[in-house]
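Protein chains in written order, with the working numbering: chain A, 154 to 295; chain B, 8 to 396.
Report on one structure; see the data block that follows.
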Ligand SMILES: Cc1ncc(COP(=O)(O)O)c(C=O)c1O
Ligand code: FES
C-alpha cells in the first residue's frame, strides 16, 4: 500500500492541529473499537469558519484527512463548508488507497457534526445529514 | 539516513555465504536431481547435502526431511496430510487460537470439509496450557498442532510437555518451528514432535523454500500430486537453488546460534528496558521470559500502530504492527485479540524483531526516534490528554 506525497506531507506536517478553547462548534466521530477518533473544533463568526482545529487518533490516512478537511473549510461560509465530501478530501490529497477511503468519511462526518453542533448552540435549525454508516460497517466489519 | 531493519520475523536478508553458494550453484549446476545422468547426479548430490544439514540442525535423519515451498506449505501438508490419512481413526483436530494463518486457515478449510476443530485459548502472555490440551483430546482426535513460538509476540510454548501428553494419547503432534529455528534449540526428540514445519527465509536463507520433518512411521496423504518427488509426498521438480541455500543457511544458523542469540537478546533486552523506562504508557506484549530472544512487542497507548510504522519508516526504521488500521482486513491481529488486550492497546501495537545486522547504535537510534514520534502523535491524539504535558 502506498500513500501519495500529499498524504505523507499532511501526515508528517498536519495543518490546524490542536484544540480551540472557546470553540462554538465541536464534532467528534468514531470510536475506539474501530480505531478512529476524530474531533473537530470550529470557531464560527458571522457565518464564516474563522478558525478550525482537530485532534485525531488513527492511521496516516485519518490524520491526513483531518488536516486536509480543516484546510478545505477554513475561511468558508457554513453553507460552503457543509458541502464538504469525503471524495473532495481524498481528491485534494491526490487520492487514498481504496481500503483507506473510510478514513476520509470520518473527516466529512466530523465536519458536519461540528457545524450542526454550532447551529444548535446558535439556536439555528439542524441541517439534515446522513452518516455513512454503511461504509464503516463494510470496511471495519462491525 | 540510517537504515535499521527490525522486521526479521517477517523475513531476513540472505547471508552472504548463502548468496555466494546459490550463485555458484545456479551457474554451474542446473541438472534435475531425478535424472540418471551426470548432470542429474551432480544436482542430487547438492540437494542431499542440504538435506543432511537441515536434518542435523534439528536432530533428525535426512530421510525425515521433505522440502516444500516454505513454511505455509509445510503446515498445509502436515495438517491436511494427517487429517486425510487418519480420517478412518477420527475427524477431530486441535490447535491454538494464536497460530499463524497457514495453520488457522487450513483448519478453517478442514472445518468446512467435515472435520471438527478445537481452538485452544491462551493466557494473557500467549501461553497454551498443557492441561487444556489434555482436556481437549478425544478418542476421535487425530492431530494436535501448537506452534513452537509465536511470530507476533514471541511467546515460546511448552512444546516438550505438550508433546508428551499428545504422544500418550497416540495422537500425531505437529509444531510450526518457523520462528524458533536457529534462535533457540530445536530438536525433534527433545520436543517430542512427529511433524515440524521449517522455513528458510526466516534464517537468512532464500524465500520459497522450507521443509516438513516427518518422523519415521508417520504416514501423510500428499496434497500435491505428480512426479513423485520428495518420496511421493511433494511432487514437482525440486527448487534446487532454494534447497542448496536452505542447507547453507541451516549450517550457518546452527553454527552461530548460541553466540548470535545471546548477542541479539542483549540488544533486545536493552530495547525493551529503554522503551518501557523512557516512554510513558507503553506495555510489553507476550511473555516476560519465555519469549524469542529477538522479539519485542509493545503497545503504545493513545496512538495508532500504522501511524507509528509510517513515522518510523520515514526515519529509516522498519517495523510492523498488529493494529486494525495497518492490516489489510482492518481487523486487529488475532494474536493480540486472543491475549485479551483492550482495544486501545491493540491499536498501538508495535513489533520489533532483531537480527544479525543490528547493533547497539541501532537500538539507541530507534529509541530516540520512537520517543519523538510518540510525543508528536500524542500531541494531537484526542485520547492522550492524560499523558500530555
Ligand atoms: C510461524 C510462521 N509459520 C509459517 C510462516 C509461513 O512461512 P512461509 O513464508 O515460508 O510460507 C511464517 C512466516 O510468515 C511464520 O512466521
Ligand atoms: S483510522 Fe483505521 S484505517 Fe484509517
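Every residue, glycine too, gets a C-beta built ideally from N, C-alpha and C.
Give the straight-line distance between the Cα atoms of residue 376 of chain B and residue 175 of chain B, rounded to the nearest whole angstrom. Counting from 1 along the second chain, the entry for residue 376 of chain B is found at position 369. Counting from 1 along the second chain, the entry for residue 175 of chain B is found at position 168. Residue 376 of chain B and residue 175 of chain B: Cα-Cα distance of roughly 51 Å.
Decide if residue 294 of chain A is buried, meaning its Cβ has at least 16 other Cβ atoms within 10 Å, or exposed. Looking up residue 294 of chain A in the first chain gives position 141. Bear in mind that the predicted position of residue 294 of chain A carries a pLDDT of just 40, short of 50, making it unreliable; the figure below should be weighed with that in mind. The residue is exposed, with fewer than 16 neighbouring Cβ atoms inside 10 Å.
State the beta-bridge partners of residue 204 of chain A as determined by DSSP. One-based indexing of the first chain puts residue 204 of chain A at position 51. Answer is A:196, bridged to residue 204 of chain A.
Can you check DSSP and say which residues form a bridge with residue 54 of chain B? The residue given as residue 54 of chain B occupies position 47 in the second chain. According to DSSP, residue 54 of chain B bridges with nothing at all.
So is the beta-carbon of residue 158 of chain B under 7 Å away from any non-hydrogen atom of ligand 1? Taking the first residue of the second chain as position 1, residue 158 of chain B is located at position 151. Yes, ligand 1 has a heavy atom inside 7 Å of this Cβ.
For residue 42 of chain B, is the classification buried or exposed, using 16 other Cβ atoms within 10 angstroms of its Cβ as the cut-off for buried? Locating residue 42 of chain B in the second chain gives position 35, where the first residue counts as 1. So residue 42 of chain B ends up on the exposed side.
Residue 387 of chain B CB to nearest chain A CB: under 8 Å? By one-based count along the second chain, residue 387 of chain B stands at place 380. It does: the Cβ of residue 387 of chain B has a partner Cβ on chain A nearer than 8 Å.
Using 8 Å as the limit for Cβ to Cβ distance, is residue 308 of chain B near chain A? Position 301 of the second chain, counting from 1, holds the residue named residue 308 of chain B. Chain A contact via Cβ: absent.
Within-8 Å CB hit, residue 216 of chain A to chain B: Here the question's residue 216 of chain A lines up with position 63 in the first chain. Chain B, which has a Cβ nearer than 8 Å to the Cβ of residue 216 of chain A, makes this yes.
Along chain A, in chain order, which residues have C-beta atoms closer than 7 Å to that of residue 325 of chain B? Mapped onto the second chain, residue 325 of chain B falls at position 318. Residues of chain A passing the Cβ test: none, with the nearest at roughly 15 Å.
Give the range of the alpha helix (DSSP H) segment to which residue 354 of chain B is assigned. Locating residue 354 of chain B in the second chain gives position 347, where the first residue counts as 1. Counting along the chain, the alpha helix (DSSP H) containing residue 354 of chain B begins and ends at 350-354.
Beta-carbon contacts of residue 66 of chain B that lie in its chain and below 7 Å, excluding the five residues immediately before and after: On the second chain, residue 66 of chain B is found 59 positions in, with the first residue counted as 1. Excluding residues within five positions, the ones whose Cβ falls inside 7 Å are 194, 195 and 196.
Does ligand 1 have a heavy atom nearer than 7 Å to the CB of residue 109 of chain B? Sequence index remark: in the second chain, residue 109 of chain B carries index 102 (1-based). Checking the Cβ of residue 109 of chain B against ligand 1 gives yes.
Interface residues of chain B around residue 167 of chain A at Cβ under 8 Å? Locating residue 167 of chain A in the first chain gives position 14, counting from the first residue. Ordered by position in chain B, the residues that pass the 8 Å Cβ test against residue 167 of chain A are 387.
Per the DSSP calculation, residue 102 of chain B is bridged to which residue(s)? Position 95 of the second chain, counted from the start, is the residue given in the question as residue 102 of chain B. In DSSP, residue 102 of chain B forms a bridge with B:126 and B:152.
At a cut-off of 7 Å, is residue 141 of chain B close to ligand 1 when judged by its beta-carbon and the heavy atoms of the ligand? Counting from one through the second chain, the residue named residue 141 of chain B turns up at place 134. No, the Cβ of residue 141 of chain B stays beyond 7 Å of every heavy atom of ligand 1.
Given that a residue counts as buried once 16 or more other Cβ atoms are within 10 Å of its Cβ, and exposed if not, what is residue 291 of chain A? Taking the first chain and counting its residues from 1, one reaches residue 291 of chain A at position 138. With a pLDDT of only 49 at residue 291 of chain A, under the threshold of 50, the placement of this residue in the model should not be trusted, and no figure is reported.
Can you list every residue whose CB sits closer than 5 Å to some heavy atom of ligand 2, going in chain order? A:188, A:189, A:211, A:212, A:214, A:215, A:256 and B:332
Can you list the beta strand (DSSP E) stretches of 3 or more residues lying completely in the stretch 260-290 of chain B, in chain order? none
For residue 82 of chain B, which of helix, strand or coil comes out of DSSP? For the purposes of this step, residue 82 of chain B is taken as the residue at position 75 of the second chain. Residue 82 of chain B: helix per DSSP, three-state reduction.
What runs of the beta strand (DSSP E), each 3 residues or longer, lie entirely inside the stretch 143-229 of chain B? 148-152, 179-183, 202-206 and 217-221
Going by the C-beta, is residue 206 of chain B closer than 7 Å to any heavy atom of ligand 1? Numbered from its first residue, the second chain carries residue 206 of chain B at position 199. Because some heavy atom of ligand 1 lies under 7 Å away, the Cβ of residue 206 of chain B counts as near it: yes.
Can we count residue 154 of chain B as close to ligand 1, meaning its CB is less than 7 Å from some heavy atom? In the second chain, counting from the first residue as 1, residue 154 of chain B sits at position 147. Checking every heavy atom of ligand 1 against the Cβ of residue 154 of chain B, one is found closer than 7 Å.
Return the CA-CA distance between residue 336 of chain B and residue 252 of chain A, expressed in angstroms with no decimal places. Taking the second chain and counting its residues from 1, the one referred to as residue 336 of chain B is at position 329. Taking the first chain and counting its residues from 1, the one referred to as residue 252 of chain A is at position 99. Going from the Cα of residue 336 of chain B to the Cα of residue 252 of chain A covers about 9 Å.
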